[in-house]
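To keep things clear, I will list the structure first and then write my remarks on it.
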Ligand SMILES: Cc1cc2nc3c(=O)[nH]c(=O)nc-3n(C[C@H](O)[C@H](O)[C@H](O)COP(=O)(O)O)c2cc1C
């Protein structure tokens, strides 16, 4: 079990499970970007994973501040914690906005109408509002028409994070275990003290 490549394989399986299952702790993660030389963190839902060129994807509004951060500085750090297994994954990577319109359109087309509503609100993300008003369209998911759908789609985007480093930590009362994986042409593995 202490073969690092087996450990990595198992974590990738948990990442896949996190996408499939809302109850899995890897369903969401903390995304940190850089803004004006300082860190900014927020919780995101994990949407897609590719093991070959290890990368993860999230969905967001094109107008959001995190996207402006990534346009300025592509360096990203993500943090996952699986409480039941006591496993932390800290991954560094490079963010890029999905330019493949066909994939974006296909993903948008596969989303539930309820999930699309938050892209149809009257305000831009982080806009200052004089008083609280819900930032969703004033219609039910069943009432949205083609023009609402087009508006939502014009704001929707997928962001890919190409992972270049994974710091794996297993909390264990007999001694914590920690491995660093670097994803170059080959995977480089180092055990680290913790
Ligand atoms: C559990 C949880 C999941 C979230 N998932 C997303 C998400 O997938 N995409 C997103 O844009 N915002 C998501 N948010 C909201 C973000 O954390 C953040 O508040 C918002 O996107 C504004 O971030 P920004 O101003 O840095 O762009 C989520 C928040 C929570 C609490």
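Numbering (our numbering), first residue to last: 1197 to 1390. Heads up, the beta-carbon is just placed ideally off N, CA and C, and yes, glycines get one too.
Three or more beta-carbon pairs separated by less than 8 Å link the region 1216 to 1226 to the region 1263 to 1275, which places the two stretches in contact. Residue 1289 places its beta carbon less than 8 Å from that of residue 1359. Between residue 1351 and residue 1255, the gap from beta carbon to beta carbon reaches 8 Å or more.
Annotation: the continuous beta strand (DSSP E) that includes residue 1286 extends over 1283 to 1293. With 16 or more other Cβ atoms inside 10 Å of its own Cβ, residue 1229 counts as buried.
When the five nearest sequence neighbours on each side are left out, the beta carbons in the same chain lying within less than 8 Å of the beta carbon of residue 1251 are those of 1245, 1289, 1356, 1357, 1358 and 1359, in order along the chain. With a 10 Å radius around the Cβ and a threshold of 16 neighbouring Cβ atoms, residue 1266 comes out buried. Counted as a single uninterrupted DSSP element, the alpha helix (DSSP H) harbouring residue 1263 occupies residues 1261 to 1268. Unbroken alpha helix (DSSP H) runs of no fewer than 4 residues, entirely contained in the region 1291 to 1378, are found at 1297 to 1306, 1309 to 1312 and 1342 to 1351, following chain order.
Cβ neighbours of residue 1294 within its own chain (closer than 8 Å, five residues either side excluded): 1253, 1300, 1353, 1354, 1355 and 1356.
Contact annotation: the region 1298 to 1318 does not touch the region 1374 to 1387, with fewer than three C-beta pairs closer than 8 Å. For residue 1330, the shortest C-beta to heavy atom distance toward ligand 1 is 7 Å or greater. For residue 1243, no beta strand (DSSP E) run applies, since DSSP gives it neither H nor E.
Distance from residue 1284 to residue 1365 at the Cβ level is roughly 4 Å; contact confirmed, criterion being Cβ atoms closer than 8 Å. For residue 1386, the enclosing beta strand (DSSP E) begins and ends at 1383 to 1387.
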